[in-house]
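If you're matching positions, the sequence shown starts at 759 in our numbering and goes up one per residue.
Backbone N, C-alpha and C fix where the C-beta goes; we use that ideal spot for every residue, glycine too.
Model, not experiment: these values are computed from the prediction.
Worksheet: the structure to be examined is printed underneath.
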Amino acid sequence: MNAEAGRKSLVKGIDAAPAQIPAPASIKRALDVLKSAKKPLIILGKGAAYAQADDAIKSFVEKSGVPFLPMSMAKGLLPDTHPQCAGAARSTVLQQSDVVMLIGARLNWLLSHGKGKTWGSAPKKFIQVDIEPKEMDSNVEIVAPVVGDIGSCVDALLGAMGTWSAPPAEWTDAVKAKREENVAKMAPRLMNNNIPMDYHGALGVLKNVIKERPDAILINEGANTLDLARGVIDMYQPRKRLDVGTWGIMGIGMGQAIAAAVETGKPVLAVEGDSAFGFSGMEVETICRYDLPICVVIFNNSGIYRGTDVNSSGSADPATTVFVKNARYDKMMEAFGGVGVNATSPDELKRAVNQAMDSGKPTLINAVIDPAAGSESGRIGNLNPQSALKKK
Ligand SMILES: Cc1ncc(C[n+]2csc(CCOP(=O)(O)OP(=O)(O)O)c2C)c(N)n1
Ligand SMILES: [Mg+2]
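Okay, structure coming up:
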């Protein structure tokens, strides 16, 4: 095809995502169910973040007075420090709520398909706001489906709320008490200065780095490194946290970091498990080539989940989950002209990350983590297949 014919074959996109207005009856039904709740909960998913209807979502959540739980990439839509945020009381609200309103969040494996121990034994009613009608009833009954784009749905919900009474104080006070209890329990662990570092000591440092720079972009992948960072590092602005998403795909972090730096020009902090980093670690060359303001922190526990596993096959090889001991990923960055730092204590880590985020120089910090600190599959070991045979 010649260039002119090629040009003529192009069509102009007019409205890639036209508004999809929800049915008024579905809005009324949803609000009636929410109003009837004694222990309501709102779950915000990444669909709500993608919708870029931040002000409407904030107004709706605040007017409702309902505790909310952000899924991983919805963190920051409302700040994790918001008084209604139930992130630090996750198990309690999932188990004890009686009405759950999903906004751009889906009942897939990340939410145990809406069933089982995670959700407790009390009966639950689900309201689901989603652009995709096929999501409704996909795993459990949805008593109030609202189908439309999130912006239009939330606008319609806000418009139809009228005067609204807050949920029973007994519920919101109980959620608040649990949250405060859990935050207080966690605080000393995040301030520990252990050497070798454990996850919490290192994450306590990174939590403050983001607190001081709420517009920085956080990238996160790994198992323990992902699960623990998700819980510990508060987000304050929408769409600042990018991670492995619904399917938990290792290896996308470096690409995300590069894209985020190029698109936004903001400093990027990439918190990477050593295995996760290995999937696309060669991108450090790209980061250096384009002199991007990316600070990669590798949680180097010498392995997948742990660095202490033993090969039980009888061979002299290391276990399949164990990597080279004392590996120095920081040297990779130096090889391409970036800044490499080997950090063995939370204090060293703090100094190095702050310097990297302020200078904008391509930096890789090898954060030495106790090889015994992690657990298999991180926080989702309960999903591992169990053998019916007893271990010998
Ligand atoms: C493409 C891909 N391959 C394999 C996996 C399985 N997997 C889940 S987490 C993980 C790595 C965990 O190790 P690490 O990143 O070092 O985190 P740690 O728990 O040690 O902190 C792997 C390989 C995956 N999720 N995606
Ligand atoms: Mg690891």
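State the beta-bridge partners of residue i as determined by DSSP.
{"i": "residue 886", "result": "860, 903"}
{"i": "residue 1037", "result": "Answer by DSSP bridge pairing: none, since residue 1037 is not bridged."}
{"i": "residue 1080", "result": "1061"}
{"i": "residue 1053", "result": "1027, 1121"}
{"i": "residue 1127", "result": "955"}
{"i": "residue 990", "result": "Bridge partners of residue 990: none, in fact."}
{"i": "residue 979", "result": "1030"}
{"i": "residue 1099", "result": "1123"}
{"i": "residue 798", "result": "857"}
So is residue i buried or exposed if we call it buried at 16+ other beta carbons inside 10 Å?
{"i": "residue 1141", "result": "exposed"}
{"i": "residue 910", "result": "buried"}
{"i": "residue 988", "result": "buried"}
{"i": "residue 765", "result": "exposed"}
{"i": "residue 925", "result": "buried"}
{"i": "residue 1116", "result": "exposed"}
{"i": "residue 1014", "result": "buried"}
{"i": "residue 810", "result": "exposed"}
{"i": "residue 1144", "result": "exposed"}
{"i": "residue 1048", "result": "exposed"}
{"i": "residue 1084", "result": "exposed"}
{"i": "residue 821", "result": "exposed"}
{"i": "residue 893", "result": "buried"}
{"i": "residue 1075", "result": "exposed"}
{"i": "residue 869", "result": "buried"}
{"i": "residue 881", "result": "exposed"}
{"i": "residue 1124", "result": "buried"}
{"i": "residue 849", "result": "exposed"}
{"i": "residue 1088", "result": "buried"}
{"i": "residue 1032", "result": "buried"}
Measure how close the beta-carbons of residue i and residue j come, nearest whole angstrom, since I'm counting them as under 8 Å.
{"i": "residue 944", "j": "residue 1128", "result": "18 Å between Cβ atoms; not a contact."}
{"i": "residue 1057", "j": "residue 983", "result": "4 Å"}
{"i": "residue 908", "j": "residue 806", "result": "5 Å"}
{"i": "residue 701", "j": "residue 797", "result": "The requested residue 701 does not occur in the structure, where the chain is confined to residues 759 to 1150."}
{"i": "residue 1231", "j": "residue 828", "result": "Since the first residue shown for the chain is 759 and the last is 1150, residue 1231 is missing from the structure and cannot be characterised."}
{"i": "residue 1112", "j": "residue 967", "result": "7 Å"}
To the nearest angstrom, report how far apart residue i and residue j are at their CA atoms.
{"i": "residue 1079", "j": "residue 1094", "result": "28 Å"}
{"i": "residue 972", "j": "residue 922", "result": "32 Å"}
{"i": "residue 755", "j": "residue 1038", "result": "There is no way to answer for residue 755, as the model of the chain reaches only from 759 to 1150."}
{"i": "residue 901", "j": "residue 857", "result": "10 Å"}
{"i": "residue 760", "j": "residue 1036", "result": "43 Å"}
{"i": "residue 824", "j": "residue 918", "result": "17 Å"}
{"i": "residue 879", "j": "residue 840", "result": "28 Å"}
{"i": "residue 889", "j": "residue 941", "result": "35 Å"}
{"i": "residue 1059", "j": "residue 1034", "result": "12 Å"}
{"i": "residue 978", "j": "residue 999", "result": "8 Å"}
{"i": "residue 1027", "j": "residue 1054", "result": "6 Å"}
{"i": "residue 985", "j": "residue 767", "result": "47 Å"}
{"i": "residue 959", "j": "residue 947", "result": "7 Å"}
{"i": "residue 1146", "j": "residue 1133", "result": "21 Å"}
{"i": "residue 1139", "j": "residue 1110", "result": "32 Å"}
{"i": "residue 804", "j": "residue 1041", "result": "26 Å"}
{"i": "residue 876", "j": "residue 1077", "result": "32 Å"}
{"i": "residue 1082", "j": "residue 969", "result": "34 Å"}
{"i": "residue 949", "j": "residue 961", "result": "9 Å"}
{"i": "residue 899", "j": "residue 852", "result": "16 Å"}
So is residue i in contact with chain B if we call contact Cβ pairs under 8 Å?
{"i": "residue 987", "result": "Note that chain B does not occur in the displayed structure, where there is just one protein chain."}
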